[in-house]
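Throughout the sequence shown, residue numbering follows full-length UniProt numbering, covering 1 to 799 in sequence.
Data block below; observations after.
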Amino acid sequence: MQKQTNSQTLLIFSKEICKLKREANNHFVLDINKQYLTDQELDKIVPPTPGIGCPIYLTHGLPKQFSAVPLITKNQIHFISIERGSEKSVTMNEIFGDETNQIASLKTRNQGGESTTIIDYTLGIVYSLIGDHICTIQPADLSTLGISVDDRRFGLAALLGTNILYKYLGQVFYKKRTGFQVDVWEAVEFGKTIDKKKYDKIVTTQYFVPTYAKESMFGYIPVGTVTNFYNQVSSSHYQLTESKYKEYHDFGLEIADAEYESRFQVNRCYPKPESRKTLAFHFTCKDDYCDPNANEKYYEILDRIKGAIIRQDSISSSRISNIDLEFSANKDSEIIAYITFLEAPTIEYSFKSKEFYLTKSLIQKSRNFYAENDEDCFKKNANVADKFEAIAYCAGTKTCVRITSINDIEENWDHGSFCRVTYIPLRNFKRFNHELPLDKIQDSLGSSKISFNYITGLKSMQYQLSQIIETISRKQENGEDLRLFYPVYRQYKLIDNRDHVLVSSEVKNLGDCARSCLHSVDNKCATFAFCTYPDRMECLTSTIPSLNMSDQQQSFDASCSIYSVNNLKDYIKIPNRKFISASTIQTLSPKSHCASLCSSNEQCKSFQFCFDDYSCIFNGPYTDSASQYSTTCDIYIPDVTQKYSFTGKKIVSETFHTELNLTLNQCAALCHDWNTIDEICQSFNYCPKSKTESSCNLSKYSVKDSAAETTESNICHNYIKTEDRNVKKQPYKAVKDSNNLNVFVFIVLFFALGLMTGFGTPFIYTKIKSLISPSQGDEVPLEMKKSEINEEGDEITPV
């Protein structure tokens with residue numbers, strides 16, 4: 001139905017039009033000659049054109065829901081985006097973000113392969129994970145995903161690009177997905193730089209579809225974004241130069257509890273055991289009623305504990321590697337959280353630096369002061385609340401400069417001062433310096449009043465941190481080369497003398513030969529040779545350590561290699577310690593051979609290795625009181641924890657010796673090697689470090705002995721020997737000398753004589769070089785189908 005109406009004249013006023021002319025009373029007259037009433041939906045027949053960037057958006061008087069682009073009211077987000085550029089490249093991104101914990105994960109798939117990026121915005125760190133093993137660490141900057149230029153923080157609005165001023169355009173049918181109508185908002189920006197390219201005009205078009213879903217942005221979810229880039233070709237004309245398209249799939253505003261932990265893991269970037277630490281946080285319920293079914297809210301409690309720690313502003317989210325909860329079986333008032341922390345990244349990883357000649361005018365107008373060196377300069381800025389973006393240290397004048405804006409930095413080769421400039425684009429230097437190193441976490445958080453609340457039914461319960469106890473594992477303490485064996489002499493074999501060498505021809509590969517040595521009956525095999533001949537394989541095992549092996553005990557054979565058992569894998573390193581007094585004379589030896597010599601010496605219960613001079617010293621059982629701090633030495637003790645079993649919290653009352661400040665492994669080693677005529681250690685009580693130092697108490701009884709008195713303990717545990725208690729060991733005696741060192745002493749004397757006569761150096765150099773660098777050189781490929789050991793001595797899992 002159409003009906004003609006009378007012609008009329010309309011006088012239209014517009015705030016937007018007035019703004020264009022910059023005159024308060026602007027208006028224009030529109031003469032209408034014909035006017036029809038119609039039932040047709042003309043807005044769908046002639047929809048608005050997105051992507052141009054209109055100078056005027058007639059939004060005055062629109063319903064409230066169209067006044068601004070839909071906002072995010074949640075703190076988490078996840079979605080999959082498919083991005084296409086002008087070059088027809090396609091990239092699929094899977095994104096998870098947590099604004100509260102300031103962390104995001106981006107998994108990217110494109111023609112180049114797959115990679116994962118995890119961003120810790122608190123520390124300004126970008127972790128790039130490639131394949132199964134590679135990790136690179138670099139500083140974040142303002143171009144990093146999801147960073148808001150205004151507050152330099154990660155935001156979900158910045159991630160979606162909805163943190164700028166948008167105007168409602170209208171409704172259109174979305175071309176990328178046929179069949180539904182979407183609402184469109186647009187933002188126009190002028191003179192902006194993106195990815196180091198400057199554009200005169202950028203038009204960002206956001207497409208939203210209405211939804212009744214719970215996870216929505218005020219009743220909408222995004223389905224696509226188109227960004228058009230323009231350059232100005234005349235005073236009134238812009239030319240489209242580039243376009244980028246993004247489609248959203250699987251959009252949600254919550255991350256599943258079970259999935260959260262795996263999405264933000266950066267464990268592989270800190271592979272060394274010393275870069276991790278596990279602590280047991282004991283939380284006690286402070287209310288009269290404590291939920292007996294708290295374990296049913298596992299993930300909620302886990303999240304609240306993690307949040308309580310992060311709110312201390314001393315541990316960033318990415319450093320909390322894992323949390324396991326233990327709910328007391330008979331006490332609903334206690335929850336124990338076993339939390340593994342990663343080491344804090346260094347300043348080199350967190351901030352980029354550059355050396356150049358800084359203009360003196362910038363130094364003079366900026367806040368500057370005296371500093372002795374780089375470290376002193378950083379320290380004096382560590383607690384400054386000013387939002388500065390760079391720190392410069394000029395060594396020539398010993399001047400520390402605090403620079404407000406990166407844009408102020410200029411270089412002057414002729415009249416500038418040579419400085420090292422550290423960039424802080426996220427203005428997070430103060431927060432970075434509040435990050436606790438691993439060795440400070442227990443004491444610092446232990447003295448804080450950490451607590452969390454959670455609600456069950458109509459009741460709210462508060463749990464307060466009561467104590468933090470250190471837990472130690474073998475992997476955390478060792479950090480050493482754990483290969484089973486390693487090559488020492490290429491193209492050599494052992495000579496069969498029937499006294500110290502056994503020959504076996506029933507081997508199929510290197511793994512079989514290695515096992516015949518590693519699993520020898522007397523457990524004294526120290527070296528073995530493996531030969532690959534055209535018609536057979538040959539294996540020779542020997543009790544002679546490689547360091548003690550003379551030329552008469554080996555011969556040249558291009559088909560063979562001699563390997564040494566890696567005794568170092570049986571020891572645990574105590575870093576930065578040395579003996580106050582030693583039982584043996586100092587010798588020179590590579591670390592692995594020092595372990596071999598100690599292992600073959602009945603009187604050696606621990607050894608000290610100093611990497612500055614390759615010195616090796618033997619000693620008796622290790623105690624903390626008999627050692628002191630060292631920057632160049634480490635002490636090694638036997639790993640004997642597998643010889644002890646945990647008996648529970650019932651401990652033996654009668655003990656004969658106590659040591660403080662030992663770890664569980666160190667306490668086990670002390671008990672294992674404590675064998676005097678009057679006292680044999682049968683079990684030990686170990687109390688981990690909490691508010692006091694750890695304690696190790698040795699006893700000649702076990703909790704299983706009928707004569708032993710026992711008590712219950714909430715902190716301490718008892719461990720009993722699992723090996724044969726009837727086997728008596730030799731009482732420990734101080735190591736004064738050893739025949740095992742004779743060959744090495746002979747070499748040292750021969751070397752000293754050679755220095756005087758001029759002919760000893762080549763022999764010693766060749767011998768020592770082959771021992772210190774045992775893994776270099778190529779080896780004949782070996783059949784490994786059924787072997788669990790590879791050529792370099794690593795244990796592998798068969799495919």
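Here a beta-carbon is modelled for each residue, glycine too, at the ideal position from N, C-alpha and C.
On a predicted model such as this, the values are computed, not experimentally measured, just so you know.
Contact set for residue 67: own chain, Cβ-Cβ below 8 Å, skip 5 residues either direction: Taken in chain order, the residues that qualify are 59 and 168.
When the distance is taken between beta carbons, is residue 600 closer than 8 Å to residue 526? Yes, they are a contact pair.
Could you give the first and the last residue of the continuous alpha helix (DSSP H) run that contains residue 363? Annotation: the continuous alpha helix (DSSP H) that includes residue 363 extends over 360-365.
Among the residues of its own chain, which have a CB less than 6 Å from the CB of residue 277, if the five just before and after it don't count? Taken in chain order, the residues that qualify are 341 and 438.
Hey, residue 363 and residue 421: beta-carbon distance below 8 Å or not? The Cβ atoms of residue 363 and residue 421 lie no closer than 8 Å to each other.
Under the DSSP definition of a beta bridge, which residues are partnered with residue 383? Beta-bridge annotation (DSSP): residue 383 is not paired with any residue.
Which stretch, first to last residue, makes up the alpha helix (DSSP H) that contains residue 490? Boundaries around residue 490 are those of the beta strand (DSSP E), 485-494, since no alpha helix (DSSP H) includes it.
Distance between residue 545 and residue 428 (C-alpha atoms, nearest Å): One C-alpha to the other measures close to 55 Å.
Does the beta-carbon of residue 102 have 16 or more other beta-carbons within 10 angstroms, so that it is buried, or is it exposed? Buried is the call here.
From residue 621 to residue 333, what distance separates their C-alpha atoms? The straight-line gap separating the alpha-carbon atoms of residue 621 and residue 333 is approximately 41 Å.
If you run the structure through DSSP and keep just helix, strand and coil, what is residue 500? It is coil, neither helix nor strand.
Taking 8 Å as the cut-off, decide whether the C-beta atoms of residue 79 and residue 251 are in contact. Yes; because the gap between Cβ atoms is below 8 Å, this pair is in contact.
Spatial distance of residue 187 from residue 162 (CA atoms): Rounded to whole angstroms, residue 187 to residue 162 spans 9 Å at the Cα level.
Between residue 693 and the rest of its own chain, which residues show a CB-CB distance below 7 Å, the 5 nearest in sequence each way excluded? Taken in chain order, the residues that qualify are 660 and 661.
Residue environment, residue 158, which counts as buried when at least 16 other CB atoms sit within 10 Å: Buried, because 16 or more other Cβ atoms sit within 10 Å of the Cβ of residue 158.
Could you pull out every residue in the same chain whose Cβ sits closer than 7 Å to the Cβ of residue 375, ignoring the five residues on either side in sequence? Closer than 7 Å at the Cβ level, and outside the excluded window around residue 375, lies no residue.
DSSP three-state call for residue 264: helix, strand or coil? Note: residue 264 maps to coil in three-state DSSP.
Within 10 Å of its beta-carbon, does residue 237 have 16 or more other beta-carbons around it, so buried, or fewer, so exposed? Exposed is the call here.
Contact with chain C by residue 157, beta-carbon distance below 8 Å: Included in the structure is just one protein chain, with no chain C present.
Less than 8 Å between the C-beta atoms of residue 352 and residue 139, yes or no? Cβ atoms of residue 352 and residue 139: closer than 8 Å.
Name, in chain order, the residues that DSSP records as bridge partners for residue 113. Looking at the DSSP output, residue 113 bridges to 110.
C-alpha gap between residue 289 and residue 461, whole angstroms: Their Cα atoms are separated by approximately 8 Å.
Taking DSSP as the reference, what is the three-state secondary structure of residue 100? Of the three classes helix, strand and coil, the one that applies to residue 100 here is coil, per DSSP.
If we count Cβ pairs, one from each stretch, closer than 8 Å, do we get three or more for the region 122-135 versus the region 429-436? Result yes; three or more Cβ-Cβ pairs closer than 8 Å.
Reference residue 117; option with closest CA among 100, 145, 685 and 99: When each option's Cα is compared against that of residue 117, the closest is 145.
Determine contact between the region 528-535 and the region 589-596, defined as no fewer than three beta-carbon pairs at a distance below 8 Å. Counting Cβ pairs under 8 Å, fewer than three are found: no touch.
On the criterion of 16 or more Cβ atoms from any shown chain inside 10 Å, does residue 389 qualify as buried, or is it exposed? Classification of residue 389: buried, given that the 10 Å Cβ count is 16 or more.
Note the first and the last residue of the continuous alpha helix (DSSP H) segment covering residue 430. Bounds of the alpha helix (DSSP H) holding residue 430 are 429-433.
Between which two residues does the alpha helix (DSSP H) carrying residue 305 extend? Residue 305: member of the alpha helix (DSSP H) spanning 298-310, first to last residue.
Could you name the residues that DSSP lists as bridge partners for residue 537? Bridge partners of residue 537: 532.
Restricting to runs no shorter than 3 residues, where is the beta strand (DSSP E) found entirely within the region 613-639? Qualifying beta strand (DSSP E) stretches, in chain order: 615-619, 627-629 and 633-638.
Span separating the alpha-carbon of residue 96 from that of residue 53: When only Cα atoms are considered, residue 96 and residue 53 end up about 31 Å apart.
What are the partner residues of residue 656, as DSSP defines its beta bridges? Paired residues: none, contrary to the question.
Using the C-alpha atoms, what's the distance from residue 555 back to residue 658? One C-alpha to the other measures close to 52 Å.
To which residues of the same chain is residue 648 closer than 6 Å at the C-beta, ignoring the five residues directly before and after it? Here the set comprises nothing.
Look at the alpha carbon of residue 245 and the alpha carbon of residue 85, and state the distance between them as a whole number of angstroms. C-alpha separation (whole angstroms): 6 Å.
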